[in-house]
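All remarks here apply to the structure that follows.
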Amino acid sequence: MAALESKVTELKRDVSSSSTRINEAEGRIHHAEETLGKTEATLDSINKRIAYLESKTDDLENRGRRKNLRLFGSREGAEGQQTLLNFVNDMLTRWLELTPVRALTLERVHRTLASGKPNQHRAVRFLKFQEKEFVYRESRRRDITHDGGKISFAQDFSAETVRIRRGFYTVRKLFVDINAFRGFQHNPCKLRVLHNGKIHLFTTPQQAEELYKSIQQ
């Protein structure tokens, strides 16, 4: 009997010790869960802040490029002995058939690709935003060539904006075909589509594809 009582007492001690360890483990787990929850909340807040700052940075970069155009199709060395700025200024006057009254003022022109390329890509910065817009509109209305090559102009956007726009390339063509594409909204970059008299904005190509599918049904 004494041996049995001793075993029972020992078993109770083991149970009590196990219970204590379990309680301690539960306490540590609870503390870890609380810490994890706080960490996740902090991380979520940091990620939102980063996204906001990236958006602001991209917006500021695009604002800084508002008076810029990218010129494509001019071959390397086409300027000869002229400076790039004078060459492009002279060519704009010729390409767009400008009169002295409509003379443009350029701030600077520089190459954006490594030298040695057969066709250089140049960034052109205008003194006035209105002049940049005028050149862009006029260039789209004309078939401009120089030294046998086609000359074209494009808006100068940040790398992030260009990446987003390229992502919409396929679905944009679908809406162009049904005359529903209405360009892009800036900051943040969103696809603009006209449907049933209303402008719809899309942040992802997938969202735009859903609308296109519903229109085709």
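Counting in our numbering, the sequence shown runs from 2 upward without gaps. Even glycine gets a Cβ: it sits at the ideal position worked out from N, Cα and C. Small disclaimer: the values here were computed from a predicted structure and weren't measured.
- Item | Simplified DSSP assignment, three categories, for Gly150 | strand
- Message: Using 8 Å for Cβ pairs, my map puts Val172 next to Arg183. What's the rounded Cβ distance?
- Response: Their Cβ separation, rounded to whole angstroms, is 13 Å, which puts Val172 and Arg183 out of contact at 8 Å.
- Task: Could you please give the first and the last residue of the uninterrupted alpha helix (DSSP H) stretch that includes Gln207?
- Result: 206-217
- Express the C-alpha separation of Phe203 and Phe135 in angstroms, rounding to a whole number. 28 Å
- Item | Residue of Phe88, Arg112, Val102, Arg166 minimising C-alpha distance to Pro189 | Arg166
- Could you check which residue in Thr100, Ala160, Arg71 has the C-alpha nearest to that of Leu61? Ala160
- Simplified DSSP assignment, three categories, for Leu99: coil
- Buried or exposed: Lys129, going by 16 or more other Cβ atoms within 10 Å of its Cβ? exposed
- Query: In whole angstroms, what separates the C-alpha of Phe164 from that of Leu97?
  - Reply: The sequence given here places Arg at residue 164; Phe does not occur at that position. Roughly 30 Å separates the two Cα atoms.
- Query: Would you say Leu107 and Phe127 are within 8 Å of each other, going by their C-beta atoms?
  - Reply: yes
- Message: Using CA atoms only, rank isn't needed, just tell me which of His187, Gln208, Asn180, Thr205 is closest to Gly198.
- Response: Asn180
- From Phe158 to Ile51, what distance separates their C-alpha atoms? 21 Å
- From what residue to what residue does the alpha helix (DSSP H) around Ile165 run? 160-168
- From the DSSP output, in three-state form, read off Gln131 for me. In this structure, Gln131 counts as helix in the three-state DSSP scheme.
- Message: Could you check whether Ala155 and Arg67 sit closer than 8 Å to each other, using their CB atoms as the reference points?
- Response: no
- Which residue comes first and which comes last in the beta strand (DSSP E) that contains Arg76? 69-76
- Task: Can you say whether Val177 is buried or exposed, counting buried as having 16 or more other CB atoms within 10 angstroms of its CB?
- Result: exposed
- Message: For Thr43 and Arg29, I'd like the C-alpha separation in whole angstroms.
- Response: 21 Å
- Message: What does the alpha-carbon distance come out to for the pair Glu77 and Ser140?
- Response: 21 Å
- Would you tell me roughly how many angstroms separate the C-alpha atoms of Gly81 and Lys133, rounded to the nearest one? 25 Å
- Taking the C-alpha atoms as reference points, what is the distance between Ile152 and Lys39? Cα-Cα distance, rounded: 57 Å.
- Query: What's the call for Lys49, buried or exposed, on a 16-neighbour Cβ count within 10 Å?
  - Reply: So Lys49 ends up on the exposed side.
- Message: Here's the rule: buried if 16 or more other CB atoms are within 10 angstroms of the residue's CB, otherwise exposed. What is Ala33?
- Response: exposed
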